[in-house]
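**Q** Here you go, one structure.
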């Protein structure tokens, strides 16, 4: 009852904390959307790692985004501590009523406690079974069933103690300017409104498919008359992979915007595409969120946790074509390409079903 008293205020202020990678941030949006549906006038702020800001920056339900910049460490101890202290003071000054800590780091618990919010929810992670973790939160939500839940469902389970019906919808937001920029880049390369986006890269190369097979898939799509737009992150290894695919692909009707788009511009590009083909990476989750027809290639990732949520399309799993290692046993720096068991015709057939 006490909890509801704190939340029955006309000017409800909420802070959501998640300190993870880009894809993780996108999959927090169902929690944000649920809170917004329940409390249309609440102030909903987010604390995240600065480099992931783009994932949530255009979300209409979010008020302010506070970033922890991992580059602060390079400023030297004194300046670094000043930045951290300034952030803590700023958050405390917001007088939040509710803090939802989706993160598992000690610092997230400390920040949660320091806000002084009367309602502070966190997860009862096994590795955080300590008096300090309990002290930092007013209530801990069990995680016993998380092993069988998708990441979206895991995140939404934090709402169990609240009078908030879960809204299991992932949203990737971008601005009109983001689409305008992407559209201009397409026009400059002679691409009209009918195109297929292919993102063959991931920051983990063991999640990627063979370049030659990707080029054969592109050739089949070109034969069907489709224009193909290749995308990738700005990393040198990813760009080199795109170059290898381009060299083996047809020379006309295949263009690259690799390394040229922000994440929100990439979202706009994917949103307007006829089809998205990609591996287990952030753009795949964006395509699923945007409901762009999607063919997702998966290797030894935990499908239960990371398959594209509510995807308009299909997942092609390498495990259906050959043995895969346990996801927990994979050396992330391996040169092994676990997706290579997937045949070209399976991907081309799936793509044709959606074009």
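Numbering (my numbering), first residue to last: 4 to 358. The C-beta atom is built at its ideal place from N, Cα and C for all residues, glycine as well. Please read all numbers here as calculations on a predicted model, not as lab measurements.
In or out: residue 116 buried (at least 16 other Cβ within 10 Å) or exposed?
**A** As a working mapping, residue 116 is identified with position 113 in the chain shown. Counting Cβ neighbours within 10 Å, residue 116 comes out buried, since at least 16 surround it.
**Q** Taking just the CA atoms, how far does residue 63 sit from residue 178?
**A** Translated into the one-based positions of the chain shown, residue 178 becomes position 175. Translated into the one-based positions of the chain shown, residue 63 becomes position 60. The straight-line gap from Cα to Cα measures roughly 10 Å.
**Q** Going by the CB atoms, is the gap between residue 217 and residue 237 shorter than 7 Å?
**A** In the chain shown, residue 237 corresponds to position 234, counting from 1. In the chain shown, residue 217 corresponds to position 214, counting from 1. Contact flag unset, no.
**Q** Identify the continuous alpha helix (DSSP H) that holds residue 192 and give its terminal residues.
**A** For the purposes of this step, residue 192 is identified with residue 189 of the chain shown, where counting begins at 1. Looking at the DSSP string, residue 192 is not in any alpha helix (DSSP H), and its letter there is neither H nor E.
**Q** Quick one: which unbroken beta strand (DSSP E) runs of 3-plus residues sit fully inside the segment 188-249? Chain order, please.
**A** Runs found: 199-202 and 231-233.
**Q** Going by C-alpha distance, which of 295, 8, 253 and 67 is nearest residue 357?
**A** Your numbering for residue 357 matches position 354 in the chain shown. The residue with the shortest Cα to Cα distance from residue 357 is 295.
**Q** Please report the straight-line C-alpha distance between residue 176 and residue 255, rounded to a whole angstrom.
**A** If you number the chain shown from 1, residue 176 lands on position 173. If you number the chain shown from 1, residue 255 lands on position 252. Approximately 32 Å, taken between the alpha carbons.
**Q** So, at 7 Å on beta carbons, what are the nonlocal neighbours of residue 250 in its own chain, with the 5 sequence-adjacent residues on each side left out?
**A** One-based indexing of the chain shown puts residue 250 at position 247. So no residue of the chain qualifies.
**Q** Is the beta carbon of residue 65 sitting closer than 7 Å to the one on residue 56?
**A** Position 62 of the chain shown, counted from the first residue, corresponds to residue 65. Position 53 of the chain shown, counted from the first residue, corresponds to residue 56. Not closer than 7 Å, so no.
**Q** What does the Cβ neighbour count give for residue 198, buried or exposed, with the cut at 16 atoms within 10 Å?
**A** In the chain shown, the residue the question calls residue 198 occupies position 195. Classification for residue 198: buried.
**Q** If you draw a straight line from the C-alpha of residue 328 to the C-alpha of residue 304, how long is it?
**A** By 1-based counting over the chain shown, the position of residue 328 is 325. By 1-based counting over the chain shown, the position of residue 304 is 301. Those two C-alpha atoms are separated by around 10 Å.
**Q** Can you name, in chain order, every residue of its own chain whose Cβ lies under 6 Å from the Cβ of residue 342, other than the five neighbours on each side?
**A** Position 339 of the chain shown, counted from the first residue, corresponds to residue 342. These residues qualify, in order along the chain: 212, 300, 302 and 321.
**Q** Evaluate residue 252 with the Cβ neighbour count: other Cβ atoms within 10 Å of its Cβ, from every protein chain shown; 16 or more gives buried, anything less gives exposed.
**A** The residue you call residue 252 lines up with position 249 of the chain shown. Buried, because 16 or more other Cβ atoms sit within 10 Å of the Cβ of residue 252.
**Q** DSSP puts residue 48 in a beta bridge; with which residues?
**A** Translated into the one-based positions of the chain shown, residue 48 becomes position 45. Residue 48 pairs with 18.
**Q** For the beta strand (DSSP E) that residue 167 lies in, which residues bound it at each end?
**A** Within the chain shown, the letter at position 164 stands for residue 167. Note, residue 167: premise wrong, no beta strand (DSSP E); not H, not E.
**Q** CA-CA distance, residue 100 and residue 48?
**A** Indexing the chain shown from 1 puts residue 100 at position 97. Indexing the chain shown from 1 puts residue 48 at position 45. Cα to Cα, the separation comes out at about 12 Å.
**Q** Check whether the Cβ atoms of residue 30 and residue 154 lie closer than 7 Å to each other.
**A** Translated into positions along the chain shown, residue 30 becomes position 27. Translated into positions along the chain shown, residue 154 becomes position 151. A contact, by the Cβ cut-off of 7 Å.
**Q** Check this for me: beta carbons of residue 314 and residue 291, under 7 Å apart or not?
**A** To locate residue 314, count along the chain shown from 1; it is residue 311. To locate residue 291, count along the chain shown from 1; it is residue 288. In this structure, residue 291 lies closer than 7 Å to residue 314 by Cβ.
**Q** Could you tell me the alpha carbon to alpha carbon distance between residue 309 and residue 219, rounded to whole angstroms?
**A** Counting from 1 along the chain shown, the entry for residue 309 is found at position 306. Counting from 1 along the chain shown, the entry for residue 219 is found at position 216. If I take the Cα positions, the gap works out to 27 Å.
**Q** Which of the three DSSP states, helix, strand or coil, is assigned to residue 142?
**A** Residue mapping note: residue 142 aligns to position 139 of the chain shown, counting from 1. Reduced to three states, the DSSP call for residue 142 is strand.
**Q** So what does DSSP say about residue 278, is it helix, strand or coil?
**A** By one-based count along the chain shown, residue 278 stands at place 275. Of the three classes helix, strand and coil, the one that applies to residue 278 here is strand, per DSSP.
**Q** Considering Cα atoms alone, identify which of 149, 222, 71 and 271 is closest to residue 234.
**A** Taking the first residue of the chain shown as position 1, residue 234 is located at position 231. Closest option to residue 234, Cα to Cα, is 271.
**Q** Which residue from 20, 97, 273 and 354 puts its Cα closest to that of residue 196?
**A** Your numbering for residue 196 matches position 193 in the chain shown. For residue 196, the nearest C-alpha among the options comes from 273.
**Q** From residue 260 to residue 185, what does the alpha carbon distance come to, in whole angstroms?
**A** Counting from one through the chain shown, the residue named residue 260 turns up at place 257. Counting from one through the chain shown, the residue named residue 185 turns up at place 182. So the two alpha carbons sit approximately 9 Å from each other.
**Q** Tell me the start and end of each unbroken alpha helix (DSSP H) in the segment 94-130 that is at least 4 residues and wholly inside, in chain order.
**A** Within the segment 94-130, the complete alpha helix (DSSP H) runs of at least 4 residues are 109-117.
**Q** Within the continuous alpha helix (DSSP H) that includes residue 309, where are the two ends?
**A** Here residue 309 corresponds to residue number 306 of the chain shown, with the count starting at 1. Looking at the DSSP string, the run of the alpha helix (DSSP H) that includes residue 309 is 306-309.
**Q** Just the Cα atoms here: how many angstroms apart are residue 248 and residue 135?
**A** The count along the chain shown starts at 1 and reaches residue 248 at position 245. The count along the chain shown starts at 1 and reaches residue 135 at position 132. Taking the straight line from one Cα to the other gives about 51 Å.
**Q** To the nearest angstrom, how far is the alpha carbon of residue 336 from that of residue 25?
**A** Taking the first residue of the chain shown as 1, we reach residue 336 at position 333. Taking the first residue of the chain shown as 1, we reach residue 25 at position 22. In a straight line, the C-alpha of residue 336 is about 19 Å away from that of residue 25.
**Q** In the structure shown, what three-state DSSP assignment does residue 324 receive?
**A** Here residue 324 corresponds to residue number 321 of the chain shown, with the count starting at 1. DSSP places residue 324 in coil when its eight states are reduced to three.
**Q** Determine the contact status of residue 20 and residue 106, defining contact as a CB-CB distance below 7 Å.
**A** Position 17 of the chain shown, counting from 1, holds the residue named residue 20. Position 103 of the chain shown, counting from 1, holds the residue named residue 106. Yes, they are a contact pair.
**Q** Please list, in chain order, all residues of the same chain as residue 163 whose beta carbon is under 8 Å from its beta carbon, the five residues on each side excluded.
**A** Mapped onto the chain shown, residue 163 falls at position 160. Cβ neighbours of residue 163 beyond the five flanking positions: 144.
**Q** Put residue 4 into one of helix, strand or coil per three-state DSSP.
**A** Here residue 4 refers to the residue found at position 1 when the chain shown is read from its first residue. In this prediction, residue 4 scores a pLDDT of 49, lower than 50, which makes its location untrustworthy; no coordinate-derived value is stated.
**Q** Tell me where the beta strand (DSSP E) around residue 26 begins and ends.
**A** On the chain shown, position 23 is the one that residue 26 refers to. Taken as a continuous stretch (DSSP letters only), residue 26 belongs to no beta strand (DSSP E), being part of the alpha helix (DSSP H) at 25-29.
**Q** In chain order, what residues of the same chain have a beta carbon less than 6 Å from the beta carbon of residue 9, not counting five sequence neighbours either side?
**A** The residue given as residue 9 occupies position 6 in the chain shown. Hits under 6 Å: 100, 121 and 122.
**Q** So residue 142 and residue 159 are in contact, right, with Cβ under 8 Å, and what is the actual spacing, rounded?
**A** Translated into the one-based positions of the chain shown, residue 142 becomes position 139. Translated into the one-based positions of the chain shown, residue 159 becomes position 156. Contact doesn't hold; Cβ gap of about 16 Å is too wide.
**Q** Distance check for residue 229 and residue 282, CA to CA, integer angstroms please.
**A** Locating residue 282 in the chain shown gives position 279, where the first residue counts as 1. Locating residue 229 in the chain shown gives position 226, where the first residue counts as 1. Near 20 Å, if we compare the C-alpha coordinates of residue 229 and residue 282.
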